[in-house]
Amino acid sequence: MGSVTATVAPPTGAHVTPWFRTFGAIAAAGFRRHATYRQAAVAGLCTNTVFGFLRCYIFLAAAGAAGTVAGYDRAQLATFVWAGQGLLAVIAIWGWTDLADRIRTGEVAADLLRPVHPVTSYLATDLGRAGFAALARLVPPLVIGPFFFAVYVPRHWATVPLFLLSALLAVVVCFGCRYLVNATAYWLQDVRGPMILWTLGSGVLAGLYFPLGFLPGPLEAVLRYATPFPSILQVPLDVLVEREPMSTGLALVGMQAGWVVVLLALCRLVQRRAERRLVVQGG
Amino acid sequence: MAEGGSAPAVAEGGGALRAYRALLGAQARSQAAYRTSFVVDLVGNVGATVFDVVTVLVIFGVTRELGGFTLRETLVVVGLSSCGFATADLLVGNIERLPRYVRTGLFDAVLVRPLGALPQLLLMDLPLRKLSRAVFGLAVLLFALGSAGIDWTPGRVALAVVAPLAAVVFFASVFVLTATVSFYWVDSGELANSVTYGGRDFTSYPVTVYGGWFRALFAYGMGFAFVSYHPALALLGRADPLGLPPWAGWAAPGVAVVAATSAALAWRVGVRHYRSTGS
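Line by line, the protein sequences are chains D and H. Numbering-wise, the working numbering puts 125 at position 125 of the first sequence, and it's gapless, one number per residue. Each number in the working numbering corresponds to the 1-based position in the second sequence with 1000 added.
So this is what it looks like as structure tokens:
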């Protein structure tokens, strides 16, 4: 992890161009690193496919004879499931403990010496990883699903670009949440508790186990407007299956962008507080 | 691992048992040492099984029946599945870590001791924190059995005892079977998950929910239909919409024995095939 960022030349001036070059180099390194785990990608893809079948059949059974449930028809449910299985790997909702591990071992001190802010450098790495996952993990389920189920194809031309933007924002929102969960290690040392809460909560609250529309109205509204979870999975998928009219879709993606700003600011704040604490410990 | 020191003393049968008990005791002590972490784990682990059940409840919030089964009937299926899975996960679930044991060379250390490799690995890493899930799974099963309006006969009482045990054996076999793949392919962790956790999700619903070759493969090819679906039908006294006779519910122990035998065989072959990483 650390060696990746260490190879990047420090920015020489206050210009924007070197910053972008640095960001790009770190992202590219993240992409390459994950492109080497090809066997793991294949194994993960198999798992996503099995769960795609399971969830698809279960949701279709919930739609029953009527053929619609919570505002989704059968084809929309199928697209929701298969795109969701792909997106799951792109946002890397589970299993990221890089930061927490480095905090526990003290290696994080090396990150602080680098000229790039830790939040920025970890985000760049994560975007590189997500780029590889988009090719290796998002595309296959989108190809496999239609072979076995009637899927929904977006009707509006703007839907696919909006979905891609929404998916990108979802990656950053998920990264922000994971960073915050990992950063509790600065205070707790042992992050198993927060990690368990995150693993349990994120799947249910993001709309993986069931579309949040299945929940009673008020509960869904609270989740939707007061928490970042739907922005991780539910929003991009709803955009893709055109559950709401285009204007609502745009508003939802705007809300995702809002969460991106809030979460990244929070990450930086938490990081700064933690660094002060580290100095006290080290002194 | 400090427990290795007791190995020479176990030449006779009674000694082996004492060695296993020492392994288990060391595990219990080390896990209880960090009390807060242990309590957090204990509470957090219930969550996974709670959400399995919540998911079923939420889906029944938007539909009255699933694959021709009501919520009460489906809960019997869920109860058998989650009780069986959570208990098997507690007892042998940590065999999932086999790829790491192989990579770090710990597996070599296990093989040179004069004890069975599989029991050693399981006792060295028995995740006591998962106890909470197993208890919750059992509670769901008891609640489901109590509220489903089952017409109890001596036969059904016996089945209600035997079926969860068979489910535990079956899931435990699946854990071991899928773990042995990592003797051949170290990166197979996620592949194993698709069968273990996929199997758990599959058995949480009546198999009538699924269709086509996917159902044929998971339900009858791999035998998952006999974990919860067919025993539940027999307990509820319902005919199988797919046409299997009522005695299929009683096939669960037989299927579990077949699974356990193949798991034992696969483990033996896998250990023989194992070559140390040399690191």
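In this text, a Cβ means the ideal position worked out from N, Cα and C, and glycines have one as well. Quick caveat: nothing in here was measured; it's all calculated off a predicted structure.
- V1176(H) and I1059(H) do not touch by the CB rule: their CB atoms are close to 31 Å apart, not below 8 Å.
- Measuring C-alpha to C-alpha distances from R1021(H) to each of V1092(H), L1122(H) and F1171(H) identifies L1122(H) as the nearest.
- At a cut-off of 4 residues, the continuous stretches assigned as alpha helix (DSSP H) that sit fully inside the stretch 1092-1179 of chain H are 1098-1104, 1106-1112, 1117-1124 and 1131-1147.
- Taken atom to atom, the span from the alpha-carbon of P141(D) to that of Y1034(H) is near 42 Å.
- Against G193(D), the close residues of chain H are V1040 and G1044, in the order they occur along the chain (beta-carbon pairs closer than 7 Å).
- The beta carbons of V90(D) and A133(D) sit about 4 Å from each other, so the pair counts as a contact at 8 Å.
- P115(D): not part of any alpha helix (DSSP H); DSSP gives it neither H nor E.
- Counting the other CB atoms within 10 Å of its CB gives P1099(H) a total of 16 or more, which places it among the buried residues.
- Under the 10 Å beta carbon count, W259(D) is surrounded by 16 or more other beta carbons and is classified as buried.
- The Cβ atoms of F214(D) and G1061(H) sit closer than 8 Å to each other.
- Annotation: the continuous alpha helix (DSSP H) that includes H1273(H) extends over A1252 to H1273.
- Among the residues of chain D, none has a CB under 8 Å from the CB of D1240(H); the nearest is roughly 17 Å distant.
- Fully enclosed alpha helix (DSSP H) runs of no fewer than 4 residues occupy 16-35, 38-63 and 74-91 of the stretch 9-91 of chain D, in order along the chain.
- Per DSSP, L168(D) has no beta bridge partner at all.
- The criterion of a C-beta distance shorter than 8 Å is not satisfied by A158(D) and L233(D).
- Separation of T1208(H) and F1224(H) (C-alpha to C-alpha, rounded to the nearest whole angstrom) is 13 Å.
- In the three-state reduction of the DSSP assignment, F148(D) falls in the helix class.
- Within chain D, the residues placing a beta-carbon under 9 Å from that of L1066(H) are I58, A61, A62 and G64, ordered along the chain.
- Distance check between Q189(D) and each of T199(D), I93(D) and A274(D) places A274(D) closest, using alpha-carbon atoms only.
- Looking at the DSSP output, F1069(H) shares a beta bridge with L1066(H).
- Contact of Y209(D) with chain H is assigned, a C-beta pair being separated by under 8 Å.
- Note on geometry: alpha-carbon atoms of L200(D) and F1051(H) lie some 8 Å from one another.
- At the C-beta level, G128(D) and F31(D) come within 8 Å of one another.
- Between the stretch 82-98 of chain D and the stretch 178-198 of chain D there are three or more inter-stretch CB-CB distances shorter than 8 Å, so the stretches are counted as touching.
- Burial check for Y225(D): the Cβ neighbour count within 10 Å stays below 16, so the residue is exposed.
- Residue contact with chain D for Y1220(H): absent (no Cβ-Cβ distance below 8 Å to any residue of chain D).
- For R1029(H), the secondary structure class from DSSP, reduced to helix, strand or coil, is helix.
- Residues of the stretch 34-53 of chain D that bring their beta carbon within less than 7 Å of a beta carbon in chain H comprise Q39, A40, A43, G44, C46, T47, V50, F51 and F53, in sequence order.
- Close to A257(D), with beta-carbon spacing below 9 Å, lies no residue of chain H; the smallest spacing is near 29 Å.
- For L215(D), the residues of chain H that pass the 7 Å Cβ criterion are V1058, in the order they occur in the chain.
- Secondary structure of W1185(H) (DSSP, three-state): coil.
- Counting along the chain, D1240(H) sits inside no alpha helix (DSSP H), nor does DSSP assign it H or E at all.
- Look at G106(D) here: in three-state DSSP terms it is coil, with no helix or strand label.
- For a cut-off of 8 Å, the C-beta gap from G64(D) to T1063(H) is around 5 Å, short enough to register as a contact.
- The C-beta of R1268(H) has fewer than 16 other C-beta atoms within 10 Å across all chains shown, which makes the residue exposed.
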